[in-house]
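In what follows, a single structure is set out as structure tokens and then discussed.
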DNA sequence: TTGTAAGCGTTATCAA
DNA sequence: TTGATAACGCTTACAA
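Chains as they are written, first to last, in the numbering used here: chain A, 162 to 504; chain B, 162 to 504.
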């Protein structure tokens, strides 16, 4: 690239490099007239400081790194949005990387970001212990790390996520309150968060005096859309042909719930009459589905915003190891639409 | 961060800094035993080169910048995936930024990325002329830019997108071939791409000897889900209560089409019996919608992959201004499902 | 085969 | 108020 450098400005104006540097940084050491000359010349020639050089020198980059497992879903997009909005406000830039649910890739993301000299890390870790030693190491070495979404990770730092237990509990309670008693919970087979959600579901049943039938906990392979489709179809067919037929379903993820709705339509089951459906989902068009989908929504924008806020708290302090850390579990937002309300 | 530097390695091993540097870069100038000592020490102490310093020195960062208008939709996620997969193969890293359909923000993204020393730029521009001068300027100054998706932009360089005209043409033809003649096209009111899609639709009508009724071109405000929902509801109600009722709809974007399906269900119109529906969409669960949605799909992964490939072509050449540029319009993928096939 | 030294574009210390 | 100069961590002629 061909942006002008301070050296060239110095030469053109017949002043020293350091004078230019100071002038550009609005140092009080520099006289007003000189400052003005420099600033005007810089402006006129579209001077842009070379960030690499600046960062190399100062050790600060005003950039943070964000690692998430995947950006391919509305929940993540919304978190990213929240992070970026906050970053914009505080004048930071953001580099996103995807770990693809793979600890190896996650490690390489972390290392890359460090090498690039980011000032801090926001991460939604692959699992409870992924790269724990590495993260502890860098966090201890004066490099701030904040965890979002997957807050069950063991690193001791700020963590921002959602009260999954409560979300699932309230959704299940809603189903029970609407007269459903035979409630199925469909979760992914791999992800840790489903655990809390399952617990909430389970507790709601218990509190209502409903015995949990372990046939009613379905764990799906989420590898891809086709596999999921087949698994759901099989599961529903099996459940609905058993003697103890369910009358409601709680979906533990966006993909599961939306796909489920399609499967039920295809199999000819009416929602909510035969089966009420509610699920964790952050899609924008939940109300446009057929039927309009009842959702447990995560305040994704706020998660991103708060994660960024906590990270900035670290970055701002000189010795931030004294900062009082805490885990924040935001409330989910339940919206009851047609799919779970008896018509 | 506290990664060790070559200076420290040099001191520890009692060799010079340049020896270490050369050894790490596997230079032939360095003896095997020395090389081995250095490599082992580096390995043992987790040496990681400081990329900022490396980049500052070499002027190459092995990083490319990607600017897209928004990452909040499946099409973009898939493009990103394609870019990242290719980047991984060629050992490059990727920084993503969002322009949010705003030329000002776009400009700042471009500048930021340049300052960060990326080796090239992949951009899906806000509109035909957004930041054209700036882009031309940097592209001319030996900094490669490749355009993807929004290929109607005026910059002269490689462009990779989709044949929107053809996609819309074939989809419309499909509707006509299935016996529909009164076909509505719903487009967004703002985006340039809708233009080509409308033209394809229009041409298909013409070729089939069907007169275009301009009541049948609906332009929607896509500002947010609620607004769109209302606009669609009004449009459908109006259309279906007119004397010349439509019998099919072509949706020109993901959001429009999926939302439309919900609206039709809510208003009680049966798809495809009363209204056939087909639309541009890259959602994974099109087949899980109710009814399964016929789609014109863009090969997003391939777009990302090819865009990256073209950019690498530039980056690889010393004097790449001789490279023969071209615009690639990939074919869309039409999948006919229940929503457009008379049962 | 190894080392010296200059330089990438900045900032920062210390003299002038 | 300004200017040499060293330094950040690395690469690379060029010398030894």
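Glycine is no exception: its CB is placed at the ideal position from the N, C-alpha and C atoms.
Runs of the beta strand (DSSP E) lying entirely within the segment 251-299 of chain A and spanning at least 3 residues, in chain order: 254-259 and 281-284. Identification of residues in the segment 471-484 of chain A having a C-beta nearer than 7 Å to some C-beta of chain B yields an empty set. Contact note: residue 437/B does not reach chain A at a C-beta cutoff of 9 Å; the least C-beta distance is about 16 Å. Taking a C-beta distance under 8 Å as the contact criterion, residue 263/B and residue 287/B qualify as a contact pair.
CA-CA distance, residue 308/A to residue 314/A, rounds to 8 Å. Here the segment 249-268 of chain B makes contact with the segment 276-295 of chain B; the two share three or more CB pairs at distances below 8 Å.
For residue 320/A, the beta-bridge partners assigned by DSSP are 308/A and 488/A. Annotation for residue 415/A: 234, 235, 236, 441, 442, 443 and 444 place their beta carbon closer than 7 Å to its own, counting only its chain and skipping 5 residues before and after. Rounded to the nearest whole angstrom, the CA to CA distance from residue 361/B to residue 168/A is 55 Å. The DSSP-derived three-state label of residue 432/B is coil.
Cβ-Cβ distances below 7 Å link residue 221/B to 280 in the same chain, with the five nearest sequence neighbours on each side left out; the list follows chain order.
Setting aside the 5 residues that flank it on each side, residue 243/A is surrounded in the same chain by 462, 465 and 466, each with a C-beta closer than 6 Å to its C-beta; the list follows chain order.
Contact between residue 365/A and residue 333/A holds, with the beta-carbon distance rounding to 4 Å and staying under 8 Å. Beyond the five residues adjoining it in sequence on each side, residue 171/B comes within less than 8 Å, by CB distance, of 177, 178, 180 and 181 in the same chain, given in chain order. Under the Cβ criterion of 8 Å, residue 333/B is not counted among the residues facing chain A. Interface annotation, residue 503/A: not in contact with chain B, CB-CB separation never under 8 Å. The beta carbon of residue 341/A sits no closer than 8 Å to any beta carbon of chain B.
Residue pairing by DSSP puts residue 346/A in a beta bridge opposite 378/A and 411/A.
Secondary structure at residue 225/A: strand, using DSSP grouped into helix, strand and coil. Using a CB distance cut-off of 8 Å, residue 214/A counts as an interface residue toward chain B. In this structure, residue 317/A sits near residue 486/A, with a CB-CB distance shorter than 8 Å. Pairing residue 446/B with residue 348/A gives a Cβ-Cβ distance that is not under 8 Å.
Contact holds between the segment 493-503 of chain A and the segment 424-438 of chain A, because three or more Cβ pairs, one in each stretch, are under 8 Å apart. In this structure, DSSP gives residue 326/A a helical state, which the three-state scheme calls helix. In the three-state reduction of the DSSP assignment, residue 461/B falls in the helix class, which pools H, G and I.
A distance below 8 Å between beta-carbons, with the five flanking residues on each side excluded, links residue 211/A to the following residues of its chain, in chain order: 164 and 166. In this structure, residue 378/A lies away from residue 405/A, with their beta-carbon atoms at least 8 Å apart.
For the C-beta of residue 426/B, the chain A residues within less than 7 Å are, from N- to C-terminus, 451.
Shown in chain order are the members of the segment 238-252 of chain A whose Cβ falls below 8 Å from a Cβ of chain B: 238, 239, 241, 242 and 245. When DSSP states are grouped into helix, strand and coil, residue 373/A belongs to the coil group.
Against chain B, a Cβ distance below 8 Å from residue 420/A picks out 446 and 449. Rounded to the nearest whole angstrom, the C-alpha separation of residue 299/A and residue 293/A is 10 Å. The beta carbon of residue 198/A sits closer than 7 Å to the beta carbons of 174 from its chain, once the five residues preceding and following it are set aside; these are given in chain order.
Membership of residue 439/A in any alpha helix (DSSP H) is not indicated; the residue belongs instead to the beta strand (DSSP E) covering 437-441. About 7 Å separates the CB atoms of residue 438/A and residue 418/A; that is less than 8 Å, so the two are in contact. Under the 8 Å criterion on CB atoms, residue 233/B is classed as interfacial with respect to chain A.
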